[in-house]
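> Under the numbering used here, the first residue of the sequence shown is numbered 90, with each subsequent residue one higher.
Beta carbons are placed, not taken as given, at the ideal position from N, Cα and C, and that holds for glycine.
These numbers come from a predicted model, not from an experiment.
Take a look at this one; I'll ask things after.
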Amino acid sequence: MTTQVWPGTAYPLGATYDGTGTNFAIFSEVAEKVELCLFDADGTEERIRLPEMDAFVWHAFLPGVQPGQRYGFRVHGPYDPEQGQRCNPNKLLMDPYAKAVDGGIDWDPSVFGYDFETKERNDDDSAPHMPKSVVINPYFDWGSDRLPRTPYHKSVIYEAHVKGLTMTHPRVPEELRGTYAGIAHPAVIEHLTELGITAIELMPVHEFVQDDTLQQKGLRNYWGYNSIGFFAPHHEYASNQDPGMAVQEFKGMVRALHDAGIEVILDVVYNHTAEGNHNGPTLSFKGIDNQAYYRLVADDKQFYMDTTGTGNSLNVANPQSLQLIMDSLRYWVTEMHVDGFRFDLASTLARQFHEVDRLSAFFDLVHQDPVVSQVKLIAEPWDIGDGGYQVGNFPSLWTEWNGKYRDTVRDFWRGEDATVGEFASRITGSADLYQHSGRRPVASINFVTAHDGFTINDLVSYNDKHNEANGEDNNDGESHNRSWNCGVEGETDDAEILALRAQQRRNFIATLMLSQGVPMLLHGDELGRTQGGNNNGYCQDSEITWIDWSDVDEGLVEFTKLVTHLRHDHPTFRRRRFFHGRPVGRGEGEPVPDIAWLTPAGELMSEDDWDAHYAKSVAVYLNGNGIRSTDERGEAVVDDCFILAFNAWHEDIEFTLPNSEYAETWSVVVDTAEFGPVDPNESKAGDVVTVKGRAMVVLRSVS
C-alpha cells in the first residue's frame, strides 16, 4: 500500500499510469468528498481522500502505484432518492473510466442501496462483493499495425460473439476457446478470409454484468447487452485472467485481424447501464452522480426514464454523459485500434429531450470529432420509446441496420403476396430510405439474420419460436418471425424438405451477398448453424448458441464463398451510387439503362406487373458497362452485365432472356437450386432459362 498523495490533474478521467505512478480522476458534481480505495490481493483496503477538485473532477496522483493495482471509489454526498440523489459511501463504486475490471458481482444484498424488506437505506459495505477496477499498462507493441480502412462498398461484415465463435473449434487450443486469443487464432482468421469477410462485428465486449435473476435459473447473460464499463474489455473473454491482461489480449486480437486485412467493429451499448431501475444495484454511475448519468422522471426523480427496456437510459442531454461516450469511442479507436462501432438502440442516443432528434448534441459531437467521424458508424435505428423506429432517418455519416431489408427479403422467399415491389427496392440499396439525406447505397447494412432472432437454418426450419430453455414459458422473444418451416416444424428426415431448406438457405445468402448495400452475415449461418428454434439466445451461454464446428454444412460453406467472391470480383454488385434507370420503355437506339426490371417473358415490368398481388417472380438486369473500377495494377476495367432471376413461386418458371441490346450471350454463374457446380452452357438472347421453384439464377454476360 502507498501513503504518498500528490495533487495530480483533472484530466484525463480514470486511472492513468505514466511509468512512475498513477493519476486518478473522477467526476461528481454532487459529491462532498471522494475516497480512492486501493485493494491488495487479499482484499485489504486502503482509503485515500482525493485532495483536489476542479470543475467537479476529484483527482490525485499516487507515485508508485503500478499496473495491476485494483481500486474503486467511495462517494460521500446526499442520499435522497426522491430528488434523484443516491450517494452512499458504504457502496464501493467502479470507475466509469476503468480500462480493466477484475472479478464479478456475487449479488450480496449489500450491493443494493436499499433494504429489500424495509426499503430503507442500506449501509452495509459492498466492497467484498464488488468487481474492482484495475490500473493498466497502456504500452503495447503494435508493430506496423494499420487500420485496413476498407471502403463501405467493398465491405462484407460478419457479426460474431467472442465466445460462441470459437468455443468448440477443434483447431483452436482448448485454453484459448471462447476468448480474444481464440479469435486471433490462425484457424479462425483463415475461415474468415476464405469466406471473403472484411470486417468482424463483435457483440458487446465492454465490461458487463451477469444478472442475478438469470444466475438463479442456471443461465447467464450471454449476449452482454448489460454494460457497466465503457472502456474495459470484458475480462471473462481473456485467456489470461491476471488483472488487466484482457487489454493486452484484446489488442493482440485486433493486431492479428488487421494483419489479415479484417476490420474490427464493436457492438456498443451506450444507451443504458447494468444498474437497472430504482430497484437495481448501486455499482458505479448511480452512486457517483445519478442525475448526471441517467434520465430521471421529471416529476418523481426516484424513477428512471426507460426507452431501452432495461430499466434506465443514459442521460445524453448531460455534458458529462456525452463526454463519457465520446471519450470511450475515441479510446477504442486510438488506443485499441478498432475500426468502427455498431450502436445498440441508437435512437435512445438521439433523445436529447424526449423525442428522437437527428440534430441532437450526440450527433453534433460525433460529426465534428476528428477521430470518431472517420470510422464506421452503424446505427441500430430503433428503441422501444415513442417514435423510436427510425430506419432511414439517421444523419449523413451514419449507416443503419436495415430492418426493412430483413423483413422484406424474408417475406419474399417465404412466398408472401405483394412483396415484389418492395423486394426490388431493398435489393437495390433502399434509395427510398437513404437517398433523400444525401446518402448512398452503403448506408444500408443489409441482413437477413442477426444475433437477435432465428439463424438462417432455423428461419427455414421453424414457424414458431422454441425458447423453453430460457425459463420464461416461451413468452420471451419475437413471435412474428416471418419464417417458414418448409412443411415440418423442426428436425426431420424427409429428404424433400431437407433439400428445400438447403435451397432456401442458399436463396437467402445469395440474395444478401448480391444486393446493393453492405451485407452482414451472422456467424455460423454459412455453416448451417442451428439454435433449435430458440430465437432469443441472450441467456444461453451453452451449446444452444455456440457454433458447433463438428456439424458443418460444407456445401453451404462453399456456396457462401462462391457468392461472396462473386460480389468481390464484380463492382456491379456493390455500386457506390444509386441506380437512376426506371422500369419504363425507351426509344429505339437509346442506350441500355443501368438497371431494367423484367417479367419472366423478358419484357419490361409494367405498373400492372408491379401491382399484381400474386407476382412472385421477377428478373433484374444490372448494366456493368457503366461501372468502372481498377485492377491490381490500377488500370481501369469495365465490369460484366448480370441478370438476377428470382422465383419465389413453388413451381418452375421459364424466364426469357432479353433481346441482344442487353447482351448477345449469357452464362449461368449461380443457381440456388443446384447443390454443386452450375451448368456452364451458354444461352443466347431470347433463349429460355428455367428457374426452379423457389430458386434464384444469376447469369453473366459473355464477351
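Looking at the structure shown, is Met142 part of a helix, part of a strand, or coil, going by DSSP?
Your numbering for residue 142 matches position 53 in the sequence shown. Three-state DSSP puts Met142 in a strand.
> On the DSSP bridge assignment, give the partners of Glu126 in chain order.
Taking the first residue of the sequence shown as 1, we reach residue 126 at position 37. The identity of residue 126 in the sequence shown is Cys, whereas the question assumes Glu. Arg136, Gly161, per the DSSP bridge assignment.
> By the 10 Å Cβ neighbour count, where 16 or more other Cβ atoms means buried, how is Asn770 classified, buried or exposed?
Looking up residue 770 in the sequence shown gives position 681. Classification of Asn770: exposed, given that the 10 Å Cβ count is below 16.
> When the Cα atoms are used, what is the spatial distance from Tyr353 to Gly157?
Stepping through the sequence shown from its first residue, residue 353 is reached at position 264. Stepping through the sequence shown from its first residue, residue 157 is reached at position 68. Reading off the sequence, residue 353 comes out as Val, not Tyr. Distance between the alpha carbons of Val353 and Gly157 is about 26 Å.
> My output table needs one value for Ile225: the three-state DSSP class, helix, strand or coil.
Residue mapping note: residue 225 aligns to position 136 of the sequence shown, counting from 1. Three-state DSSP puts Ile225 in coil, outside helix and strand.
> Using three-state DSSP, classify Phe668 as helix, strand or coil.
Residue numbering aside, residue 668 sits at position 579 when the sequence shown is read from its first letter. Reduced to three states, the DSSP call for Phe668 is coil.
> Hey, which unbroken runs of the alpha helix (DSSP H) at 4 residues or more fall wholly within the region 482-551?
Fully enclosed alpha helix (DSSP H) runs of 4 or longer: 492-502, 509-516, 520-523, 545-548.
> If you draw a straight line from the alpha carbon of Asp212 to that of Pro370, how long is it in whole angstroms?
Position 123 of the sequence shown, counted from the first residue, corresponds to residue 212. Position 281 of the sequence shown, counted from the first residue, corresponds to residue 370. Computed Cα separation, rounded: 13 Å.
> Please specify which runs of the beta strand (DSSP E), each continuous and at least 3 residues long, are wholly inside the region 571-616, giving them in chain order.
Fully enclosed beta strand (DSSP E) runs of 3 or longer: 607-611.
> Which stretch, first to last residue, makes up the alpha helix (DSSP H) that contains Arg266?
As a working note, residue 266 is residue 177 in the sequence shown. That residue, Arg266, is in no alpha helix (DSSP H); it is neither H nor E in DSSP.
> What do you reckon, are the CB atoms on Phe743 and Val777 nearer than 8 Å?
Taking the sequence shown and counting its residues from 1, one reaches residue 743 at position 654. Taking the sequence shown and counting its residues from 1, one reaches residue 777 at position 688. Note that residue 743 is Glu in the sequence shown, not Phe. Yes, the Cβ-Cβ distance between Glu743 and Val777 is below 8 Å.
> Assess, as a yes-or-no matter, whether the region 638-652 is touched by the region 572-590 under the definition of 3 or more beta carbon pairs within less than 8 Å.
These segments do not touch.
> Quick one, which of Glu489, Pro96, His148 has its alpha-carbon nearest Ser436's?
The residue you call residue 436 lines up with position 347 of the sequence shown. If we check each option's Cα against that of Ser436, Glu489 comes out closest.
> Quick one, are the C-beta atoms of His555 and Gly622 less than 8 Å apart?
As a first step, residue 555 is located in the sequence shown; it is residue number 466 there, counting from the start. As a first step, residue 622 is located in the sequence shown; it is residue number 533 there, counting from the start. Yes. Within cutoff.
> My guess is that Trp738 and Gln593 are in contact by the Cβ rule of under 8 Å, so how many angstroms apart are they, rounded?
For the purposes of this step, residue 738 is taken as the residue at position 649 of the sequence shown. For the purposes of this step, residue 593 is taken as the residue at position 504 of the sequence shown. Not quite, the Cβ-Cβ distance comes to about 14 Å (not below 8 Å), so this is no contact.
> Quick one: what's got a C-beta closer than 6 Å to Leu611's C-beta in the same chain, skipping five residues either side?
Residue numbering aside, residue 611 sits at position 522 when the sequence shown is read from its first letter. Closer than 6 Å at Cβ, skipping near neighbours: Glu248, Thr538, Ala539.
> When every heavy atom of the ligand SAH is checked, does at least one fall within less than 7 Å of the C-beta of Pro156?
This structure lacks the ligand SAH; in fact it carries no ligand of any kind.
> Does the Cβ of Lys799 have 16 or more other Cβ atoms within 10 Å, making it buried, or fewer, making it exposed?
Nothing in the structure corresponds to residue 799, since the chain is present only between 90 and 792.
> Between which two residues does the alpha helix (DSSP H) containing Met415 stretch?
Working through the sequence shown from its first residue, we reach residue 415 at position 326. Residues 408-423.
> Tell me the rounded alpha-carbon separation between Pro530 and Trp487.
Here residue 530 corresponds to residue number 441 of the sequence shown, with the count starting at 1. Here residue 487 corresponds to residue number 398 of the sequence shown, with the count starting at 1. So the alpha carbons of these two residues sit roughly 12 Å apart.
> How do the region 232-244 and the region 341-361 stand: do at least 3 beta-carbon pairs fall below 8 Å, yes or no?
Verdict: yes, contact present.
> Within 10 Å of its beta-carbon, does Lys188 have 16 or more other beta-carbons around it, so buried, or fewer, so exposed?
Here residue 188 corresponds to residue number 99 of the sequence shown, with the count starting at 1. Buried, since its Cβ has 16 or more Cβ neighbours within 10 Å.
> Would you please state the rounded distance, in angstroms, between the beta carbons of Met292 and His250? I believe it to be under 8 Å.
If you number the sequence shown from 1, residue 292 lands on position 203. If you number the sequence shown from 1, residue 250 lands on position 161. Indeed they touch by this definition, with Cβ atoms about 5 Å apart.
> In the DSSP assignment, find the unbroken alpha helix (DSSP H) run with Val455 in it and report its ends.
By one-based count along the sequence shown, residue 455 stands at place 366. Run containing Val455: 450-457, per the alpha helix (DSSP H) assignment.
> According to DSSP, is Asp107 helix, strand or coil?
Residue mapping note: residue 107 aligns to position 18 of the sequence shown, counting from 1. Of the three classes helix, strand and coil, the one that applies to Asp107 here is coil, per DSSP.
> Please check the pair His669 and Asp728, which I expect to be a contact at CB under 8 Å, by giving their CB distance rounded to whole angstroms.
Within the sequence shown, numbered from 1, the residue matching residue 669 stands at position 580. Within the sequence shown, numbered from 1, the residue matching residue 728 stands at position 639. Going by Cβ atoms, the distance from His669 to Asp728 rounds to 17 Å, so no, they are not a contact pair.
> For my contact list, Asn552 and Ser572 are in at a C-beta cut-off of 8 Å; report their separation, rounded to the angstrom.
Taking the first residue of the sequence shown as position 1, residue 552 is located at position 463. Taking the first residue of the sequence shown as position 1, residue 572 is located at position 483. Yes, Asn552 and Ser572 are in contact; Cβ-Cβ is about 6 Å, under 8 Å.
> Between the Cα of Met142 and the Cα atoms of Asp496, Glu206, Tyr100, Ser792, which residue gives the shortest distance?
For the purposes of this step, residue 142 is taken as residue 53 along the sequence shown, with counting starting at 1. Closest by alpha carbon: Tyr100.
> Drop a sphere of 10 angstroms on the beta-carbon of Lys208, count the other beta-carbons inside from all chains shown, and report buried for 16 or more, exposed for fewer.
Residue mapping note: residue 208 aligns to position 119 of the sequence shown, counting from 1. Label assigned to Lys208: exposed.
> Which partner residues does Gln174 have in the DSSP bridge list?
The count along the sequence shown starts at 1 and reaches residue 174 at position 85. According to DSSP, which records beta bridges pairwise, Gln174 is partnered with Asp169.
> Leaving out five residues on either side along the sequence, give the residues of the same chain with a beta carbon under 7 Å from the beta carbon of Ile77.
Residue 77 cannot be examined here, being either before or after the span of the chain that is shown, 90 to 792.
> What does DSSP give as the partner residues of Phe430 in its beta bridges?
One-based indexing of the sequence shown puts residue 430 at position 341. According to DSSP, which records beta bridges pairwise, Phe430 is partnered with Leu355, Leu466.
> Leaving aside the five residues before and after Phe452 along the sequence, list all residues of the same chain whose C-beta is less than 6 Å from its C-beta, in chain order.
Here residue 452 is taken as the residue at index 363 of the sequence shown, counted from 1. The answer, listed in chain order, is Pro484.
> Shortest alpha-carbon distance to Gly626 belongs to which of Phe150, Tyr311, Glu121?
If you number the sequence shown from 1, residue 626 lands on position 537. Nearest of Phe150, Tyr311, Glu121 to Gly626, Cα basis: Tyr311.
> Can the beta-carbon of Ala520 be found closer than 8 Å to that of Ser514?
Here residue 520 refers to the residue found at position 431 of the sequence shown. Here residue 514 refers to the residue found at position 425 of the sequence shown. It is a contact, given that the beta carbons lie within the stated cut-off.
> Whole angstroms is fine: what's the gap from Val646's alpha carbon to Val498's?
Here residue 646 corresponds to residue number 557 of the sequence shown, with the count starting at 1. Here residue 498 corresponds to residue number 409 of the sequence shown, with the count starting at 1. For Val646 and Val498, the distance between alpha carbons rounds to 21 Å.
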